[in-house]
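Residue 1 is where the sequence shown starts when you use our numbering, and the numbers rise one by one after that.
Reading through the C-alpha cells given below for one structure.
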Amino acid sequence: MSRSIPLAVRRKVSLRANAQCEYCLVAERVSLYKFHIEHIKSLKHEGTNDLINLAYCCPDCNYYKGSDIGTFSDDGESLIRFYNPRKDRWDDHFELDNGTIHGKTDIGRATVKLFKFNDIDRLIFRQQLIDLGLYP
Ligand SMILES: [Zn+2]
1 MSRSIPLAVR RKVSLRANAQ CEYCLVAERV SLYKFHIEHI KSLKHEGTND LINLAYCCPD
61 CNYYKGSDIG TFSDDGESLI RFYNPRKDRW DDHFELDNGT IHGKTDIGRA TVKLFKFNDI
121 DRLIFRQQLI DLGLYP
C-alpha cells in the first residue's frame, strides 16, 4: 500500500473536515503548520488509502497517535480503540470545558490521553483561540 495520497483525495479529506482537525477540532487556518492526512487504521495495521479510512489531522494529534489504533484502559486490563471520526460523533465522546477536552466514554478518555489533547501548550493555545472566537 502506497503512503502517497493523491492531491485530489487530500482536497476531499480537507473539505469534508472543513479544514479542521477531526480529533481536537483546531482549524488549520490558525495553525502555523500544514495539516496531515491521517490513516485512522494505520497502514501498519492494514488500513487503506480509501476516503473512509482517512482523517484531516493537526500535526500534534497525528504525532501522538502515530500508527496506534488504541490503548489500554486505565487499569491496564482491556484494549480500547481510539475515536474514529468516520464512525463516531465527537460530541458523543468528548466535551469541552474552557478549552479542556474531557473524554465522556472509554473511547473518548483513551483518545484524550494518548493524543495528549490537554498538554499545557495545547490547552493554552485552545484557550487563546476561544478568547479570539476561533475555536472550535
Ligand atoms: Zn488535532
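Note that beta-carbon positions come from the ideal geometry of N, C-alpha and C, so glycine has one too.
In this structure, does DSSP put E22 in helix, strand or coil? coil
Cβ of D60 versus every heavy atom of ligand 1: is any distance shorter than 7 Å? yes
Same chain, Cβ closer than 6 Å to H102, five either side skipped, listed in chain order: E95
Could you tell me the distance, in whole angstroms, from the CA atom of R81 to the CA atom of R109? 10 Å
Quick check: the Cα distance between V13 and P136, rounded to an integer number of angstroms? 18 Å
Cβ-based neighbour list, Y33, same chain, cut-off 8 Å, excluding 5 preceding and 5 following: C58 and P59
Buried versus exposed call for K87 [16 or more other C-beta atoms within 10 Å across all chains shown]: exposed
Cβ atoms of E38 and N62: under 8 Å apart, would you say? yes
Which of helix, strand or coil DSSP assigns to E46: coil
Burial state of L132 (16 or more Cβ within 10 Å): exposed
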